[in-house]
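Take a look at the structure below.
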């Protein structure tokens, strides 16, 4: 028996909206500790990793680990039927479920929707991602980072991110010309302006903006985003989902041939 | 021109 009830169902809707351009189908692994999901884009350049802790749910029960293979497109269709204020409950009684039940309830419990989504059997192509001590970590407004990526992607397809003790520089070079945006440490008490740099080792890495713009669809999940980098490592972009878990994106760098 | 790397070059399967 597996049942997970999320009080703020809108979070689940936002998560699916944030990943639906990147991955087509995912395996959600349910265990006693919560839900986890890892999936790569078709080119194996980017990866999304979701972890939702059981104590972030209103109700959570998972008698034994199960894997739920979902088509993101079909999941989206079902979640469109959930109101932003609804609670969302996922449920199945089977051990090897062939479908997953969804219940959407409005606040007054006066409207209850029930859907059953057919499950897919997907071979898991999961990667072992070691816990990394990143040498450059940038915490900043997710809206601001999203804006920087959008603005720079009109000049070039790739952005070079260079960190130093007191600032991070986003540089682009394209046919029309070049440009850079430098953001300094800023302990402002306004979320949108605050920038926290923890630079043990400066890095200079280049990434495809197309993927960063896809990751930034998660901006509605958290007002802050963290960029985690080490030389010759994929970038890890993390959106923490308050007291529920986190949505992480990994992106392989571009390097000179 | 910079070449796009793949994640498999940094992380091992499963």
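Protein chains in written order, with my numbering: chain A, 934 to 1190; chain B, 9 to 22. Here a beta-carbon is modelled for each residue, glycine too, at the ideal position from N, C-alpha and C. In this text the structure is predicted, and so the values were computed from the model without any measurement.
TODO: Answer yes or no: do residue 1121(A) and residue 1105(A) have a C-beta to C-beta separation smaller than 8 Å?
DONE: Here the question's residue 1121(A) lines up with position 188 in the first chain. Here the question's residue 1105(A) lines up with position 172 in the first chain. No, they are not a contact pair.
TODO: Determine the chain B residues that contact residue 973(A) at a beta-carbon separation under 7 Å, and present them in chain order.
DONE: Walking along the first chain from the start, residue 973(A) turns up at place 40. Chain B residues near residue 973(A): 15.
- [ ] Excluding the 5 residues preceding and the 5 following residue 1159(A) in the sequence, name in chain order all residues of the same chain whose CB lies nearer than 7 Å to its CB.
- [x] For the purposes of this step, residue 1159(A) is taken as the residue at position 226 of the first chain. 1070, 1071, 1072, 1171, listed in sequence order.
TODO: Could you pull out every unbroken beta strand (DSSP E) segment of at least 3 residues lying fully inside the stretch 961 to 1005 of chain A, listed in chain order?
DONE: 967 to 973, 979 to 986, 992 to 995, 999 to 1004
Open item on the list: residue 1050(A) and residue 1037(A) - do their beta-carbons sit closer together than 8 Å?
Closed with: Here residue 1037(A) is taken as the residue at index 104 of the first chain, counted from 1. Here residue 1050(A) is taken as the residue at index 117 of the first chain, counted from 1. Not a contact, by the Cβ cut-off of 8 Å.
Task: Exposed unless 16 or more other CB atoms sit within 10 angstroms - verdict on residue 934(A) - done: To locate residue 934(A), count along the first chain from 1; it is residue 1. That one is exposed.
TODO: Have a look at 1175(A), 1027(A), 983(A), 1118(A) and flag the residue whose alpha-carbon is nearest the alpha-carbon of residue 1183(A).
DONE: Taking the first residue of the first chain as position 1, residue 1183(A) is located at position 250. Of the listed residues, the one whose Cα sits closest to residue 1183(A) is 983(A).
Open item on the list: Taking its Cβ as the centre, do 16 or more other Cβ atoms sit within 10 Å of residue 1181(A), making it buried, or is it exposed?
Closed with: One-based indexing of the first chain puts residue 1181(A) at position 248. With 16 or more other Cβ atoms from the protein chains shown falling within 10 Å of its own Cβ, residue 1181(A) counts as buried.
TODO: Using a Cβ-Cβ cut-off of 8 Å, state whether residue 952(A) counts as contacting chain B.
DONE: What you label residue 952(A) is simply residue 19 of the first chain in a count that begins at 1. No, its Cβ sits nowhere closer than 8 Å to a Cβ of chain B.
TODO: Can you check the stretch 1042 to 1118 of chain A for any alpha helix (DSSP H) of at least 4 residues that lies completely inside it and give the ranges in chain order?
DONE: 1075 to 1085
Open item on the list: Comparing C-alpha positions only, which one of 1087(A), 1177(A), 1127(A) sits nearest to residue 1119(A)?
Closed with: The residue labelled residue 1119(A) in the question sits at position 186 within the first chain. With distances taken between Cα atoms, residue 1119(A) lies closest to 1127(A).
TODO: Mind listing the chain B neighbours of residue 1060(A)? Cutoff is C-beta to C-beta under 8 Å, in chain order.
DONE: Along the first chain, read from residue 1 onward, the residue named residue 1060(A) stands at position 127. Residues of chain B passing the Cβ test: 15, 16, 19, 20, 21, 22.
Task: residue 959(A), DSSP secondary structure in three states - done: Start at 1 with the first residue of the first chain, and residue 959(A) comes out as number 26. If DSSP states are grouped into helix, strand and coil, residue 959(A) belongs with the strands.
Task: Rounded C-alpha distance that separates residue 1095(A) from residue 1102(A) - done: Locating residue 1095(A) in the first chain gives position 162, counting from the first residue. Locating residue 1102(A) in the first chain gives position 169, counting from the first residue. The alpha-carbon atoms of residue 1095(A) and residue 1102(A) are separated by roughly 5 Å.
- [ ] Measure the CB-CB distance between residue 18(B) and residue 1166(A) and report whether it falls below 8 Å.
- [x] The residue given as residue 18(B) occupies position 10 in the second chain. The residue given as residue 1166(A) occupies position 233 in the first chain. Yes, the pair counts as a contact, with Cβ atoms nearer than the cut-off.
Task: Boundaries of the alpha helix (DSSP H) in which residue 1017(A) is found, first to last residue - done: To locate residue 1017(A), count along the first chain from 1; it is residue 84. Unbroken run through residue 1017(A): none, as it is neither H nor E.
- [ ] Specify whether the stretch 1017 to 1031 of chain A and the stretch 1140 to 1150 of chain A touch according to this definition: at least 3 beta carbon pairs, one from each stretch, less than 8 Å apart.
- [x] Contact between the stretch 1017 to 1031 of chain A and the stretch 1140 to 1150 of chain A is absent, with fewer than three C-beta pairs closer than 8 Å.
Task: Residues near residue 1193(A) by beta carbon distance below 6 Å, same chain, minus five either side - done: Here chain A has residues from 934 to 1190 only, and residue 1193(A) is not among them.
Task: Alpha-carbon spacing of residue 1082(A) relative to residue 1132(A), whole angstroms - done: Locating residue 1082(A) in the first chain gives position 149, counting from the first residue. Locating residue 1132(A) in the first chain gives position 199, counting from the first residue. Whole-angstrom Cα-Cα distance: 21 Å.
- [ ] Would you list the one or two residues that DSSP bridges to residue 1181(A)?
- [x] If you number the first chain from 1, residue 1181(A) lands on position 248. According to DSSP, residue 1181(A) bridges with 982(A), 1171(A).
Open item on the list: Taking CB distances under 8 Å as the criterion, tell me whether residue 1067(A) reaches chain B.
Closed with: Taking the first residue of the first chain as 1, we reach residue 1067(A) at position 134. Closer than 8 Å: no.
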